[in-house]
Every structure is written in structure tokens, then in C-alpha cells.
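Below is one structure, written out as C-alpha cells; the observations come after it.
Protein chains in written order, with our numbering: chain Y, 5 to 343; chain P, 5 to 343; chain H, 5 to 343; chain V, 5 to 343.
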């Protein structure tokens, strides 16, 4: 299978290139960048030193079997007609085709109006929730990074009817989530060591979480000192004083066969709950939980690499499902310790 | 006034030495350390290069006007009879004399039994709540670092009757809060870049917060990549959909004349809510807040330097009040930007 | 004395404001910023929360007793005629009036041509080398950050005739040295964790070092993971196998009475040689050294806070000398440990 | 092939496990740890969550095809007779069998006396220098981390007779190089943000560099803020004013066919010379160079992941050569950007 990455100089684009180059069933046909056109991949992504491939302008892309759109929000819906002529399969990593609930889209992406026909074609790229629907899918909208981490943390509970009120989602994110364009907030002297609650409420990923889980959500986002990684801490009101092991049972049932969800249940204080730094480069979502003793207060913690399970890796996992490859193909990296 | 610092080689002890050396009304009489006895202060605290003072063993301390106890929990109650013979005034930075509610102490410090007479003598070292009671105080128990940040964030609300249910206190802390004894969790390859939810519930500082504010508290503590600093994010259920400006009014009334509480109300996304890194070395507690629009969900954020406003600085502020010095004496450092 | 800071929104400018606000002999008359004009200082420097002072446009500055120019290279020489009408004393922190050797200036600042009369008036702002000449000085050119650290490390040796060949100056610098304008190199995902040898040779500070010390210099600059701080490691060929204690004697003689140079001679491996992180916010230059046993290879290490002893603090020290104040006035901060 | 990792709970041991698990020709027979015996691998290395394998005590190891010794210096020479009975092939990652020059060993490892017969059997595990000698090798001593980076940077020059005097090797290292036992120096509040010149001269890796390259070396080691990674900056006196392109030609000739050495020759300031953070998890050694214009001063910079090309990865590469597998098998990871 021949694949095209549109927006290859961005951070998500770079991870798509890394994963697809290592994928035994895929050949990388085109990687686009208008800014870096004609220059080798390593000029944008120095980890590709030694790799002989150059960026092409978006306008010079020919046909291939799948196009990945790693472009800013708004660009996919504008260009979808074009890219659909370039490949029978389009996997979009922008937000444009994620929301099927008009009310949520209007609130969180005011003014955004994707073509309804295209929107109807796109299937939600969350394998753990939507695997059957992804088989043979031709158009897939991959979830947002923090949204994906929160959805995987909350969906089993919500599906089991165990969410008794508004959930508080406390998300912590590394700087790569902001993309590769420098601004005052990403300037190292300001961003280094930050604990910046950039978005105490109203983050757009709320829409995806509410759509996927059907529960009400408050969400706070804090920028922390890290380049990669998202950690999501969900504070959930249970409908009663459930024993912790009953909650665990819900998650074990939900994720028993999932290749990329790992339940973390350690006694050691050091790695008792999920942390993103161990997951850098991997497609894992680690999930752990604990109940405040004697209360109905459940804490579910999930962690991912925002560029992989929160983007490029999830997209490749969706492709594997859609194309009928073994689901873990090209996604076997186990992560580094220490890091 | 001549001052003694017991436990001078620890991190809080070092900050006491730094602040007292810069205090125009104080002369540093003794700084104790059994491990470093006879050696210059700089062997434990290299910022004291050029300072001619050595550690003395605790057993060789003579009389002075005030003794600061910067010792592990449990040590103060064991040694208080001794130290009380060394100075008419004792300021304790351990947890031993903070809790006057037996039920809270039994739950959070099981087995801890300070002498009731001594306990009755100690006054709570939180100037913003207890200033009048600290004037002429001879025995002062300074609050814990995260407790202090949370209490200053919540007390005005609680006093105004605006807390309509259990508060969620999400605390993030740097590594210096763990003290200077290395262990597996503080080993740099493991601790660097951590987002370690070391204590998802049941942290002992809950006791101080509940005692001071009279509200129920859930508290989660996450170790983040930082050496200094505590940030506390409080999620508070309001009794109704209060306008944000009414909440601000409560805080302005409470802290209008406070020299070390700053209300942070910025429009710029970059520093809109309090962050600890700006506060390193200062005695400030920055507080900001926001209401999730259309809801009763209030978010109050506070930040401090855990070793200063969360320990040594607060202790010096208490001394200033008790001794009748201007309250900001020796605590004028404004902090560094960038850092 | 009333002081004006031109370029007050930059990082050096912010440190000038911090130090001058704490200086008992100085009142801050004007702080200029065209970008932030009319807004409070805290919008550029959040550590000034609670401070009631606003930026003024450069064009609205009236008279005062001293003007500090914290402006980009090239701006000082263009505007010196103007600023000289605003105050009888001008302290320049740019490079414009540092170099009196035309050959060095031509090589390192090609095209730069400060007015020769103005150049002749400016005295070199390095108190340790030039104290007598700074008394009553009206025009002072403060040294560059890495240059200052290297000059203080090398000058005693050079003056004693103990430099037997080209010196290798290996400088490591934090990100604040690059100023506050974001670019690709300062973008947090790229800059975080960097060990970027941005300038393996040919750095402009070579000119200042060679001018001050009269020795030949190779200089390599590496950007390291830090916001503040410069560490300079000098590899010096000695004229013979000198015992280490003889080298120490040279430095002790040179710096015996210096208030801000500390010789670091520890046995403990942990803080045996100078490190910048301990010096954040201070005006100290720490210097240590060691000879490779059995050789003529001397290693001298110095460390400073690039924004203080490498800029604003050094400028205030120069002012203290010029104005006849005690030299350490306003510069007493001892630094934080741990940090 | 069945492989055993002795010392599997250390950082190098963990990386051996990671690489061997991903190696298509290898099955992991035993991973030893006395401390973690009977517990799953993830208790020491949380990246192995989901992996079903437990540590065994060293005493319970049966036969396999190759034993990797990831043990402290001194342990290999003590136990080699034992381990040689467990497998026909032994790959040692300690320093015990690296030095064949008695004079160098006596100076840098005083008191160390490996059995001469065993010493004679061990071949130097540096594929780029010693590939032919490694084919069919049964006993291999893998180079030290900083030594390997320096040797790869210097060997081509030395072999071409282009080193005209003592080389200065300035090494910068992350904290994982110190292993996993916490001490005061690795305590996060002290180690974070460090620029600690822990070893200004006399580091033991000098012995390996001098043995491999036959040139005199001064070496300084600075601990920098990083977990993984070694960067080595070599300052080399050339025999004359060689054009840079002639020096490049030497390196291109030497490394033209090397799968894991990449010559870095970029114009962009951002990634112009090698940096370790891009190499985390990879087996690459990146090498770049530049000549100070108009001089005989050559700067060669190399970077590696200390745990991979500086240990576990190099060991696997040696195994691939010795066993006749394609040399890159199991070592294909390209590294992450950004990180």
C-alpha cells in the first residue's frame, strides 16, 4: 500500500512518517510540505538523518492508496474534495470531521460548517469504541489527543452507567501539542518549568468526550514541563460506594483484548498510576484508578503520547483495521525507561 | 533578637538561615546539624559560600530569643520540653502541633499523641487567618506547604458560606517538598519529567485544610517536574450560579490588606492564573480564579514557593507579627523572571 | 538618585527594574517599552505583580540622573546623543561601546562604527579589572555575559603571565541569553533538553575576552537546558607544571577583596566546581580550578547568572562605584538552594 | 538463539531486554535480578507493562546460547568462569575485559587484575573498528559509553595521522549513566538543572580512548540536565591548516558503509551539530565537525544514547556480527522528534 502524508513537516506529520516508514505493508509515496518542499525530511525532523526522501509541495502529489491529513483545523474540510481524488482512503487528523452532534460543534467550533455529506462519511477513529465500524472504512476522523485519553478513561464507566454526575477531567499536556510554530507561550524561558493552566474551562476537546461518552464534562488543561505526553485525571462521582474491585472489573471487561490499552494496577508508589513519560513513542494508553476510601469519589488516570496514541499512532491503528492488517503492525515500540 | 535554627541542614532549615541572615532585626545564634556539625553552612547549602558560620550539634545550643524547629514530624513533640528551655519563643515547622482536632489527627497521623498542654499552647501560624492571635505568641505551629496554599485559596469562600459541597483540591508539587534524603522516588532518572500521582487521596494535609476551613476536602497530589513550588487547583461547588465578579469581591475583601497574598486577574493567556516558578524565593501566595460559564463550578488556583510561603518564609512572617516588627521585614524578595 | 531603564520589557531590562526597585539610593523614574507602553510592568514581568508602575514610550522620557540602555546592539550608538541629553550618566548594556580595539571590532562586528568621540568616553564596566577608572565615570559600557564570566576566569592568570598559548573557552548558556523574542530555536519542543553547539567558533564575545586579557582565545558556545545561567570552562596551557596551590595563590591575590567573586575550593564532589543554577538572581561570579595532575593543563571554571553578573547586576555594581555608594548596595541576594 | 541477561534490573540490563525482545532471531531465556527475583520485569522497568516475564535469581539460570553481563565493574571477572559454563558466548558490558594495555589498566583501574587468559579471549566490542575480528567471536567486551562516543569521533583522524597533539575530550552526560542506585548526587533537587563538572580530569574512559586511538587525551566530564544521552566535544590540534572538506573526506571514507554512524553536515543552525536527545532509544552515533577558520583547531562532536550505542545496542550489534545476522537486526528504531 502506498501512503501520502499531507502536512508532513508538523509534529504529527513527522510521527506519521516515522511509523509508516517502519510499517511492513506501507510504502511512503509522498510527504508534503510547502515550506520545506524539495528539501530532505531531516530538515524538519532531524531523526530522519540518513533517510533519502524529500518533501514535495502539496500541489505535486499524485495518486496513492491512502492520504493522511495532518493539517490545521479548517483545512481538511476545505480540501477534502481534492484529496479524495488522490486516494480512495482518507484519514483525517484534524478536528473537522470528528463532531456529528451539531449542537456540540456549534458551541465548541463556532462558525465551523463541514459539508454534511462528507461529515456523514467520516467514521470516528477510536478503535476501542468503534472497531467494527472501522473495518473497510474509507474515511476516518481520528480523535484529538486529550479527548482520546479522556474517552478511553471514561467510556467503560459511562457505558456501564456508573457516572452519577458531571465528570471533572483534569488534563496535563506537553508543549508538542501546540504544534511547531513558535509564539510567546512556547518561548523556552517562559514555557520551561511551566504549570500554566492555559484553559481552565471550555476546551474544545470537551465536545468529543461528551459525544463519545454521553456524560457531562468539566475540563481543565494545564501545560506542564514536558515535550511529549498527555495525562488525564478524571474525577468521577459514582452512583454509590462501589468497591474498587468492581470498578476494575468494568475496565477489565472493556479492555481485556485491547492491544494498546494497559491497565496499571501496581502496589509500588513509584509507578502506581499512569505517567506519560514512559509512553513516549508508543501507541499505548495506560489506565489506572482508585476510589477515595469510604466515598463515591473515583479517580481514573490515563496517559498517552499525544503525538502517537493521541494522533499518528491511532491513525495507523485505524488504517490497520480498515485495511485488514494485524492491528499492531508498525506500532510495536515498547517505550524507553528511564527517559 | 538572637535566633536558633534546629535542623539547619534540611531544605526548610536552609531557607530559614537565608531569610534570617537577611533580617535586620535578627542575629543567627546557632544553626544545628548533627551530620554537618563543625562544618561550614555551605557544605549543606552551597548558596552560603562566603558566609562564615558553621553548624553546631543540637546538644551544644545555648540560649537565644527564638528557636525554629525544622525537624521531621514526631521530633518536635519529643524535644519540645528541651527546646523550651533554650528560648522563650518556639516556632515549629513540623506537623506536631498543628492539629487541635483529635479526630482529624487520629485519622491522618495515627499514633501521634502530642502532650495536650503543649498542644494547647501552640497557635496556628497562618497570618492571614490568625494574625491577632499571633501577636505576642510564644509558641507557633506553622502550616504545611500544600495545606497553606489550599487554605489561603479556600478560606475566604468557606468563611462566606460559598462552598456548597466537597471541594476537590488538586495539588502539584516540586521535588524539594520531599526533603533532602535521596530515595528511589527522588532518583533523577525516575523523578525527572515525572507526572506522578503519588497520593491520589488521603494526603495528611487534608486534616489542616478541613480544620482551618471547615469544609470537606478530597485531595490529590501529583509530583511534577520542578524543584520548588506548589500549585493548588481547587474545584469548588458554588451554592448557585454566582457571577465571577461576586466571587472576586469576596477575595478582595479578604485579602485587601495582606502583604503577601496577590490576586491574579490577567487577561493575557500566558500568566492568567498563578504559577509557582515565578514565586521561587518569595513569600507570596498568588491566587486566581474563574467560574466555568453557566455553571456552579468555581476554580480557584493558588501558588507558593513550598519552602518559603509554605515553610520558612511563613515562619518568619509569624515571628515578625509576634515580635512586633513590620510584617514584611526580611521577606521583600520579589522573585525572578524568567526562571 | 532617579534612574531610567530604556528597554524595560526585555529580560535584562526586567532585572534592572528588579534590582533598582530594591536599591535604597535609587528611585525608578521611567521604564520604557514601546510595545507595552501604558501597561503595568507586570504585563512583561509577572514577578512585578502588586507593583504600581507602568511602561512609558521611549519618547516620553524626561530627565533623570542615570539612564540604563538595555537595548539591542546597534541601538545605543544610534541614540546615544539623545539619551545623553536625558541624564548626565549613561550605562550601556549593549555591545556598542565595549570594543576599543578597531581590529577586533571589525572582525567581530563588521560594519559597526560607533562615533569615536563617544567610544572614547565609555569606560569598561568590569569592576574587578577597572574599579578605579569607574569612580565618577559618566559613561560605562557593561561587559557581555559570557565575556564577563570568561574574563573573570582568565584575567588573573593572564596578568600573571601564566597563559602559555591559546585558551579554549567552552561556554554553556541558558535560553534567557537569547532575549525574549521567540524563534524556531527557542521553541520549547526544540529547545528543551538541548545540547546545541550553536556557535562552535567565532562568537563575538571572543573580542571582549581578547581585549581584556590580551591572550588568544578559541570559544565554543553550547545552549544547554536552563533558562538562566552561564558556565564557562577555560582550558589553559600553563607555561610549566605549576602546582595547583600556586595557581590558587594567583586567584586569591586577585580577588581577595572582591565582594562578588567567590573562589570555590571544595572537596565534596557534589559542588566542587562552580555551577550557575545556585547563582540565579545573584551578582556572584563563582570561580574554581584544577590542574590535570602531572601536566600543564589548567581548567578554570566560572559561573554567573547571565542576566545579573552578566548584565543588570554588573551595571548596578558599576553605578554603585561611580556614584560612591557601598559597592554591594542592592545586590545582597544570596541565591536559592535547592533550585 | 536463546539469550540470558545477567543484571536485568539495571538501566543497561533493561535496554538489553527491550532490544532482545524485539530481535526476531532471539528468545529471551533468563533475565536475572536478585533484588526483583520472582517479580515481573515491569516492577523494575515499567515500560514492560503487559509483558509476561519475571526476573530469576542469578543462581537459577540454566543454559542458553549467549549471556550478556550487565553487572558492576569487578563482578564480571569474578564470575566469568561460572557464566562461561552457562553459554558458549559471553558479551560483557562491564569494564573488566576492555583494557589489554596493563599500564593503562593499572593507572585507571588500580588493583584490578582480570585473569590474563580470560582477558586474552575477549575481543573489543566496537564494530566500526573491529568488525572482522568480531565475526564468530565468542567473548566480547563492549566499550564504555563516553569512550565509545569519543573513539568513534577520533579514530578516523588518528588513523589518518591527523592528530598533532593531546586531544581535549569534553563529555556531557545524562543522569542514567550513573545507574539506578540513588545517592546525594542523583537526588532530584540537586541533580535537576545541574552543570556539574563531576570529573574535570582523570576519568577512566580515557584509558579506552587512548588504547583504541593511540593518541593522548585530556577528558572532562560534565553532568548535564538530561536522563539519557552523551555528547562528546573533541578539540583536536591538526598538523596544519587543513581545509574542512579534507577532514570530512577522512570521515566519509571511514564511515561510508557504517549502518549506525551518521555524518551530520547541516547548514541550519538548529541541528547543525549532533545532539543526544534526538538519539534516545536508537543505536546511532551522530558525528559532525568544524574547523575554526584560519586555524589548526578542529572540533569534532559526537552524540549517542549512552544506554544504547553506549551499551545495550552496541552489544546487540556485536552479537549480530558474531552470529552472522544482518547487522541492524533489532536495532531499527529511528528515534523521536520532538522529544
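Don't be surprised by glycine CBs; every beta carbon is placed ideally from N, CA and C.
Buried versus exposed, by CB contacts within 10 Å (16 or more), residue i
i, result
"residue 48 of chain V", "buried"
"residue 14 of chain P", "buried"
"residue 290 of chain P", "buried"
"residue 56 of chain H", "exposed"
"residue 86 of chain V", "exposed"
"residue 332 of chain H", "exposed"
"residue 82 of chain Y", "exposed"
"residue 250 of chain H", "exposed"
"residue 315 of chain V", "buried"
"residue 139 of chain Y", "exposed"
"residue 17 of chain P", "buried"
Contact check, residue i vs residue j, beta carbons under 8 Å
i, j, result
"residue 61 of chain Y", "residue 89 of chain Y", "no"
"residue 238 of chain P", "residue 159 of chain P", "no"
"residue 186 of chain Y", "residue 191 of chain H", "yes"
"residue 23 of chain P", "residue 335 of chain P", "yes"
"residue 1 of chain Y", "residue 170 of chain Y", "No statement about residue 1 of chain Y is possible, as the shown extent of chain Y runs from 5 to 343 and does not include it."
"residue 268 of chain V", "residue 53 of chain Y", "yes"
"residue 100 of chain P", "residue 80 of chain P", "yes"
"residue 234 of chain P", "residue 153 of chain P", "yes"
Selection from the options that minimises the alpha carbon distance to residue i
i, options, result
"residue 31 of chain P", "P:68, P:41, P:51", "P:68"
"residue 292 of chain H", "H:219, H:172, H:256", "H:256"
"residue 236 of chain P", "P:59, P:27, P:150, P:8", "P:150"
"residue 205 of chain Y", "Y:323, Y:34, Y:224, Y:135", "Y:224"
"residue 145 of chain Y", "Y:229, Y:75, Y:115", "Y:75"
"residue 274 of chain Y", "P:246, P:297, P:19, P:194", "P:194"
Short CB-CB distance (under 8 Å) between residue i and chain H
i, result
"residue 52 of chain P", "yes"
"residue 250 of chain Y", "no"
"residue 85 of chain Y", "no"
"residue 116 of chain P", "no"
"residue 313 of chain V", "no"
"residue 150 of chain P", "no"
"residue 196 of chain Y", "yes"
"residue 277 of chain V", "yes"
Residue-level contact to chain P via CB, residue i, 8 Å cutoff
i, result
"residue 237 of chain Y", "yes"
"residue 214 of chain H", "no"
"residue 172 of chain Y", "yes"
"residue 232 of chain H", "yes"
"residue 267 of chain Y", "no"
Any chain Y beta carbon closer than 8 Å to residue i
i, result
"residue 106 of chain H", "no"
is_contact[residue i, chain V] using C-beta, thresh 8 Å
i, result
"residue 228 of chain Y", "no"
"residue 109 of chain H", "no"
Pairwise C-alpha distance: residue j and residue i
i, j, result
"residue 189 of chain Y", "residue 200 of chain H", "21 Å"
"residue 342 of chain Y", "residue 174 of chain Y", "25 Å"
"residue 232 of chain V", "residue 176 of chain Y", "23 Å"
"residue 129 of chain Y", "residue 109 of chain P", "50 Å"
"residue 172 of chain H", "residue 164 of chain H", "18 Å"
"residue 72 of chain H", "residue 8 of chain H", "6 Å"
"residue 262 of chain V", "residue 288 of chain V", "10 Å"
"residue 226 of chain V", "residue 95 of chain P", "41 Å"
Got a sec: which bits of the segment 6–22 of chain P sit with their beta carbon under 7 Å from any beta carbon on chain C, in order along the chain? Judged by its chain identifiers, the structure shown contains no chain C, and its protein chains are Y, P, H and V.
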